[in-house]
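Asker: Please read through the structure below; I'll follow up with questions.
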Amino acid sequence: MGSERVQAIIEKLKARHSSEEVRYSGCYPMCHGGGCVLKLRMKDGKIVCIEPDDLYNRGIAREDEVLKEIDFVKQRLQRRPCEVAYAWPELINHSQRILYPLKRVDWSPENPNPQNRGKSGFVRISWDEAISLIASEIKKCVEAGEKYSIVVGYPDTYFLDNLLGWLDCGVQGWGWCSFDPERQAMHLMYGMAMGEYAVPPEARALPETERYPTPVEWGSAVDMLLNSKLIILWGATPDVQHYGPGHNTAYLIRLAREKGTPVIAIDPRYSATAETLCDQWIPIKPGTDVAMMCAMAYVLFKEDLYNHEFVEKWVEPKGFEMWRKYIMGEPRGEDNPYGDGVPKSPEWAEKICGVPAETIYELTRLYAKSKPTFLWKNWSVARKSRGENAARAMIILQSMMGYVAMPGGSAIANPWCRFRIEPFHFFYTLYEKRAERAIKEPNINPRMYRSTRFGQMLYLLKKVEKGELSVEEFRRIIGWNCSPSHPNPNPKILLHGNYGFRPTTNALVTAPYATNHVIEALSRLRLVVSLASYMTPTARFSDIILPVLDQFEDVQVLCINETLQYFPRLVPPRGEAKHHMWIYGKIARALGIGPDKFLPIYVSDESWDNDIEDFFAMCYEQMRDMLEKGIIYYGGNLDKPLPSFEEIKKNPIVNLDEYFDRPLQPCYSVFVKGKRFSTKSGKIEFVCDFMLDERERGKMHFDHNGRWIGWVPNDWRDQTAHPTYQPCVRGMEDPLIKEYPLMLLTSHSRYRIHSYGWQSQYLRENYRHSIWINVADAKRRGINDGDLCLVYNDVGKVVIPAYVTSRISPGVVIIHHGAWYDPDDEGVDWGGCPAVLLYDDKSPPCPPTATGCVEVKKYDGPIKKPVQKFIRV
Numbered sequence: 020m021g022s023e024r025v026q027a028i029i030e031k032l033k034a035r036h037s038s039e040e041v042r043y044s045g046c047y048p049m050c051h052g053g054g055c056v057l058k059l060r061m062k063d064g065k066i067v068c069i070e071p072d073d074l075y076n077r078g079i080a081r082e083d084e085v086l087k088e089i090d091f092v093k094q095r096l097q098r099r100p101c102e103v104a105y106a107w108p109e110l111i112n113h114s115q116r117i118l119y120p121l122k123r124v125d126w127s128p129e130n131p132n133p134q135n136r137g138k139s140g141f142v143r144i145s146w147d148e149a150i151s152l153i154a155s156e157i158k159k160c161v162e163a164g165e166k167y168s169i170v171v172g173y174p175d176t177y178f179l180d181n182l183l184g185w186l187d188c189g190v191q192g193w194g195w196c197s198f199d200p201e202r203q204a205m206h207l208m209y210g211m212a213m214g215e216y217a218v219p220p221e222a223r224a225l226p227e228t229e230r231y232p233t234p235v236e237w238g239s240a241v242d243m244l245l246n247s248k249l250i251i252l253w254g255a256t257p258d259v260q261h262y263g264p265g266h267n268t269a270y271l272i273r274l275a276r277e278k279g280t281p282v283i284a285i286d287p288r289y290s291a292t293a294e295t296l297c298d299q300w301i302p303i304k305p306g307t308d309v310a311m312m313c314a315m316a317y318v319l320f321k322e323d324l325y326n327h328e329f330v331e332k333w334v335e336p337k338g339f340e341m342w343r344k345y346i347m348g349e350p351r352g353e354d355n356p357y358g359d360g361v362p363k364s365p366e367w368a369e370k371i372c373g374v375p376a377e378t379i380y381e382l383t384r385l386y387a388k389s390k391p392t393f394l395w396k397n398w399s400v401a402r403k404s405r406g407e408n409a410a411r412a413m414i415i416l417q418s419m420m421g422y423v424a425m426p427g428g429s430a431i432a433n434p435w436c437r438f439r440i441e442p443f444h445f446f447y448t449l450y451e452k453r454a455e456r457a458i459k460e461p462n463i464n465p466r467m468y469r470s471t472r473f474g475q476m477l478y479l480l481k482k483v484e485k486g487e488l489s490v491e492e493f494r495r496i497i498g499w500n501c502s503p504s505h506p507n508p509n510p511k512i513l514l515h516g517n518y519g520f521r522p523t524t525n526a527l528v529t530a531p532y533a534t535n536h537v538i539e540a541l542s543r544l545r546l547v548v549s550l551a552s553y554m555t556p557t558a559r560f561s562d563i564i565l566p567v568l569d570q571f572e573d574v575q576v577l578c579i580n581e582t583l584q585y586f587p588r589l590v591p592p593r594g595e596a597k598h599h600m601w602i603y604g605k606i607a608r609a610l611g612i613g614p615d616k617f618l619p620i621y622v623s624d625e626s627w628d629n630d631i632e633d634f635f636a637m638c639y640e641q642m643r644d645m646l647e648k649g650i651i652y653y654g655g656n657l658d659k660p661l662p663s664f665e666e667i668k669k670n671p672i673v674n675l676d677e678y679f680d681r682p683l684q685p686c687y688s689v690f691v692k693g694k695r696f697s698t699k700s701g702k703i704e705f706v707c708d709f710m711l712d713e714r715e716r717g718k719m720h721f722d723h724n725g726r727w728i729g730w731v732p733n734d735w736r737d738q739t740a741h742p743t744y745q746p747c748v749r750g751m752e753d754p755l756i757k758e759y760p761l762m763l764l765t766s767h768s769r770y771r772i773h774s775y776g777w778q779s780q781y782l783r784e785n786y787r788h789s790i791w792i793n794v795a796d797a798k799r800r801g802i803n804d805g806d807l808c809l810v811y812n813d814v815g816k817v818v819i820p821a822y823v824t825s826r827i828s829p830g831v832v833i834i835h836h837g838a839w840y841d842p843d844d845e846g847v848d849w850g851g852c853p854a855v856l857l858y859d860d861k862s863p864p865c866p867p868t869a870t871g872c873v874e875v876k877k878y879d880g881p882i883k884k885p886v887q888k889f890i891r892v
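Dropping the structure here:
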């Protein structure tokens, strides 16, 4: 009877999955790391479920048991996705999907009622009405001569750069994400102008090997596995972060450890990475990392452990000597402008960072003899006040040892890849000319603020207008990065754009400081427009919402982490959701901007599906040409051409590592191809010369090749010309800590891509969104595990359950990034959104500051919003 019952269950399961079609695709959110492969089961035009990749090693539980070294070099590993990917079937059909254009019920051009944003509901309108309303409001600004009244939120959007450029209006922000301090460091120290900034439009669709005079390769995970003698994970949690291909970096670190490579974690929390991948955990006070890095440099100098030969050949000597004098505590002088007479010894650092001096000495000695060391300083280390120092100090340590030149070393941050090419790099190839302004600047729309500070810009403008804040200080705070002759913006319209990355549509959660300040500042705007797939908090605080296609509803091509992928259209669009390029094309036509100037691929609504397919076919052919050149450049064996567009549509996953017999080493272009660094000296430069010249303050900054240094604002505030230890604003040494004695970190969650995935009930049933608090800190406040807590400071309040744990250092708390803002009538957030508590008006603005000072107490008040408690942390 039992066997019959089991057989019945089996037959029922077979019937459920009969007639299913298996398709393969990729994942295209904003993690930027995976190149993951999804195996999808389709039935009746719907996605039934998503399974892990099985294109390699199908049916093998532990792949390394059957693989040889060459298989790892060629990455013959399953590219399994993160937790979020498995929730896609739920997400694309989610009840919070925006299916139609929406208008706030009490908004009209004559009476926008801005005080009701986020409170009043929405009514469905037609696409024609939505486009007409938006175009009409933009025309009002243009006709009134208010060229700087149309503001783009986070992030900057090159579609709007061109669209608004033809109208000679619009302002945007600069900077993009957590990696911006590293981008700045790469330009200042290696001479690589990374990203769109400083790259002429006509060069943006070139291979990196041609786009930049000398590319700077970071190092790769397989190179780390095969050649590193020590791995230091400084703030890195590869079991959570999206580094691949797939999520294989954590797996490769585990294999490296199994073959005898020591792995050390430096982190304020005892993370799952520290627990499962590491031999040693070194807890450190957050925001004090540079003090420890300086102390390591001190030991390298004091005990003469650094690589003299490499330094003499590849490091600019004047800057090296200035750094040495600062580290060794020599007095201030012209050649030591930041000298304070204090040696930056481990004993000095111990008092700041809490790491015992003995530990720093022994770690440095191990670091020096482990040739090479892969030093993975994660983005989180620089995602704090004055994070530029950490990004640059890491490069200095690796340069002092010559590890930037060795297989198994690292050059900037995390392991990365040879190729990352997105189709929208080819956007500019659609134009014979681009919109030209009367002013000659690297961008069409002036970059008047750090993009993550768009809300702070709106908020502080009121203080400028009241005379409470000077124009000069306003521009210093927001990171003015364009001609100083421009007037301040006069915002009337805010556009939350989108260019294919779904998580960028929730800027109120992922970008701003002090969310309540931003909400208050929105009241000055006549119109707020959001392109969004879901009713996020950002969409909710808009006036017009335009529904955007989600994953699997549109065609895409992408190359990342050596994985070339075609994303087929697997399901029809929900409701009237449209491709973001279609939306921009419709707005352009309504503004009288024809296809000869903007988006010529948009011909008509009827032909759109074919037009966008043709666009991606064009992108792919250019991408294929770039990749074939890149394979040859990086020493690969191009024994057969890459597949054509029609071929990759049939077999949508191409593993480019198959073309190589060696892993990518750091700085390949310099130390294998024989190029020079693109700095003025041709060497690694520890010191930024223009930051030593006060006459340069307040100007736009260009390097010796005339390239805009887009990651340094006109006024760099108190950023020093070489990295120095500077206490973290709103950190553990800030006087504010006396009033708000806990330092808040906003680590990223394994269950979200920024805020994307928060809405998934499947995912949320597997964790509880809580504030991590140390046992001692909780006991002092009478807080037990699971208690509701009020977390507060001078800019906001959040109600959230407590997770009482010894896995976090005393004096530190964590609320994971990306929770959706859900305020009550008094502005207290019940969604657990840490952005409510973040603010910084004193630091240089390049790092997207994601830390602050808070106090926590047990909450005994009325329950004003639903608070969900889940089983895991």
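Residues 20 to 892 (my numbering) make up the sequence shown, in order. For each residue, glycine too, the CB sits at the ideal point set by N, CA and C.
Let me check you understand the geometry: is the CB of Y289 closer than 7 Å to at least one non-hydrogen atom of the ligand NAP?
Answerer: You won't find the ligand NAP in this model; it holds no ligand whatsoever.
Asker: Apply the 10 Å Cβ neighbour rule to I79 and answer buried if 16 or more other Cβ atoms are within range, or exposed otherwise.
Answerer: Here residue 79 refers to the residue found at position 60 when the sequence shown is read from its first residue. Burial call: exposed.
Asker: Is the segment 255–271 close to the segment 83–102, with three or more CB pairs under 8 Å?
Answerer: Touching, per the Cβ criterion.
Asker: Buried or exposed: where does D844 fall if 16 or more other Cβ atoms within 10 Å of its Cβ makes it buried?
Answerer: Locating residue 844 in the sequence shown gives position 825, where the first residue counts as 1. D844 comes out exposed.
Asker: Taking the beta strand (DSSP E) that F141 falls in, what are its first and last residues?
Answerer: Numbered from 1 along the sequence shown, position 122 holds the residue referred to as residue 141. Where F141 is concerned, the enclosing beta strand (DSSP E) stretches over F141 to R143.
Asker: Does the distance from the C-beta atom of C747 to that of Q203 stay below 8 Å?
Answerer: Position 728 of the sequence shown holds residue 747. Position 184 of the sequence shown holds residue 203. No.
Asker: Going by DSSP, which residues form a beta bridge with N464?
Answerer: As a position in the sequence shown, residue 464 is number 445, starting the count at 1. Paired residue(s): none; N464 is not in a bridge.
Asker: Is it right to say G373 is buried, meaning 16 or more other beta carbons lie within 10 angstroms of its own, or is it exposed?
Answerer: Translated into the one-based positions of the sequence shown, residue 373 becomes position 354. Result: buried.
Asker: My output table needs one value for F690: the three-state DSSP class, helix, strand or coil.
Answerer: For the purposes of this step, residue 690 is identified with residue 671 of the sequence shown, where counting begins at 1. Here F690 sits in helix by DSSP.
Asker: Is DSSP giving H836 helix, strand or coil here?
Answerer: Here residue 836 refers to the residue found at position 817 when the sequence shown is read from its first residue. It is coil, neither helix nor strand.
Asker: Rounded to whole angstroms, what's the CA-CA distance from L179 to L764? Just pull it up for me.
Answerer: Counting from 1 along the sequence shown, the entry for residue 179 is found at position 160. Counting from 1 along the sequence shown, the entry for residue 764 is found at position 745. Roughly 33 Å between the two C-alpha positions.
Asker: Cutting at 6 Å between CB atoms, please list the residues of its own chain near K616, excluding the five before and the five after it.
Answerer: Numbered from 1 along the sequence shown, position 597 holds the residue referred to as residue 616. The answer, listed in chain order, is W185.
Asker: Since G406 and Q417 are thought to touch, with beta carbons under 8 Å apart, how far apart are those beta carbons, to the nearest angstrom?
Answerer: Here residue 406 refers to the residue found at position 387 of the sequence shown. Here residue 417 refers to the residue found at position 398 of the sequence shown. Rounded, the Cβ-Cβ distance is 17 Å, inconsistent with contact.
Asker: Any chance the segment 783–799 sits against the segment 739–757, with 3 or more Cβ pairs inside 8 Å?
Answerer: no
Asker: How about W10 and R469: are their beta carbons less than 8 Å apart?
Answerer: Any question about residue 10 goes unanswered here, given that the chain covers just 20 to 892.
Asker: May I have the straight-line CA-CA distance separating Y687 from P426, to the nearest angstrom?
Answerer: Against the sequence shown, residue 687 aligns to sequence position 668. Against the sequence shown, residue 426 aligns to sequence position 407. Roughly 9 Å separates the two Cα atoms.
Asker: Do S44 and F586 have their beta-carbon atoms positioned less than 8 Å apart in this structure?
Answerer: Translated into the one-based positions of the sequence shown, residue 586 becomes position 567. Translated into the one-based positions of the sequence shown, residue 44 becomes position 25. Cβ atoms of F586 and S44: closer than 8 Å.
Asker: Would DSSP call E70 helix, strand or coil?
Answerer: Along the sequence shown, read from residue 1 onward, the residue named residue 70 stands at position 51. Strand, per DSSP.
Asker: Suppose contacts are defined by Cβ-Cβ distances below 8 Å. Is L755 in contact with V873 by that definition?
Answerer: Locating residue 755 in the sequence shown gives position 736, counting from the first residue. Locating residue 873 in the sequence shown gives position 854, counting from the first residue. Taking 8 Å as the Cβ cut-off, L755 and V873 do not qualify as a contacting pair.
Asker: From I882 to A838, what distance separates their C-alpha atoms?
Answerer: For this step, residue 882 is matched to residue 863 along the sequence shown. For this step, residue 838 is matched to residue 819 along the sequence shown. About 19 Å.
Asker: Can the beta-carbon of P566 be found less than 8 Å from the beta-carbon of K597?
Answerer: Numbered from its first residue, the sequence shown carries residue 566 at position 547. Numbered from its first residue, the sequence shown carries residue 597 at position 578. Result yes, Cβ atoms of P566 and K597 sit closer than 8 Å.
Asker: State yes or no: is the C-beta of V6 within less than 8 Å of the C-beta of L807?
Answerer: Nothing about residue 6 can be read from this structure; the chain reaches only from 20 to 892.
Asker: Thinking C-beta only, is L514 closer than 8 Å to V190?
Answerer: For the purposes of this step, residue 190 is taken as the residue at position 171 of the sequence shown. For the purposes of this step, residue 514 is taken as the residue at position 495 of the sequence shown. Cβ atoms of V190 and L514: not closer than 8 Å.
Asker: Sorted by chain position, which residues of the same chain lie with C-beta nearer than 7 Å to E165's C-beta, five sequence neighbours on each side aside?
Answerer: Counted from its first residue, the sequence shown places residue 165 at position 146. Contacts found: N509 and K511.
Asker: Go to F393, then tell me how far its beta strand (DSSP E) extends in each direction, as first and last residue.
Answerer: Mapped onto the sequence shown, residue 393 falls at position 374. Element bounds for F393: T392 to K396.
Asker: On the three-pair Cβ rule with 8 Å, is the segment 102–119 touching the segment 565–582?
Answerer: yes
Asker: Looking at the strands, I want to know which residues DSSP matches up with D848.
Answerer: As a position in the sequence shown, residue 848 is number 829, starting the count at 1. According to DSSP, D848 bridges with V817 and P842.
Asker: What is the rounded straight-line gap between the Cα of N580 and the Cα of D242?
Answerer: Counted from its first residue, the sequence shown places residue 580 at position 561. Counted from its first residue, the sequence shown places residue 242 at position 223. The alpha-carbon atoms of N580 and D242 are separated by roughly 14 Å.
Asker: Rounded to whole angstroms, what is the Cα-Cα separation between C501 and M642?
Answerer: Working through the sequence shown from its first residue, we reach residue 501 at position 482. Working through the sequence shown from its first residue, we reach residue 642 at position 623. Straight-line Cα distance between these residues: approximately 32 Å.
Asker: If we count the other Cβ atoms within 10 Å of its Cβ and call it buried at 16 or more, is L32 buried or exposed?
Answerer: Here residue 32 refers to the residue found at position 13 of the sequence shown. It counts as exposed.
Asker: Just checking, does the segment 56–75 make contact with the segment 33–41 on the three C-beta pairs under 8 Å criterion?
Answerer: Enough Cβ pairs lie closer than 8 Å, so yes.
Asker: With DSSP run on the structure shown, which of helix, strand or coil describes W499?
Answerer: Walking along the sequence shown from the start, residue 499 turns up at place 480. Three-state result, W499: coil.
Asker: I want to know whether the segment 665–680 touches the segment 613–628 - three or more CB-CB distances under 8 Å.
Answerer: no
Asker: According to the Cβ coordinates, are R288 and S779 closer than 8 Å?
Answerer: Locating residue 288 in the sequence shown gives position 269, where the first residue counts as 1. Locating residue 779 in the sequence shown gives position 760, where the first residue counts as 1. Cβ distance not < 8 Å, so R288 and S779 don't count as in contact.
Asker: Compare the beta carbon distance of S389 and A314 with 8 Å and say whether it is the shorter of the two.
Answerer: What you label residue 389 is simply residue 370 of the sequence shown in a count that begins at 1. What you label residue 314 is simply residue 295 of the sequence shown in a count that begins at 1. No, these two residues do not count as a Cβ contact at 8 Å.
Asker: Tell me N355's beta-bridge partners as DSSP assigns them.
Answerer: Translated into the one-based positions of the sequence shown, residue 355 becomes position 336. Answer is G352.
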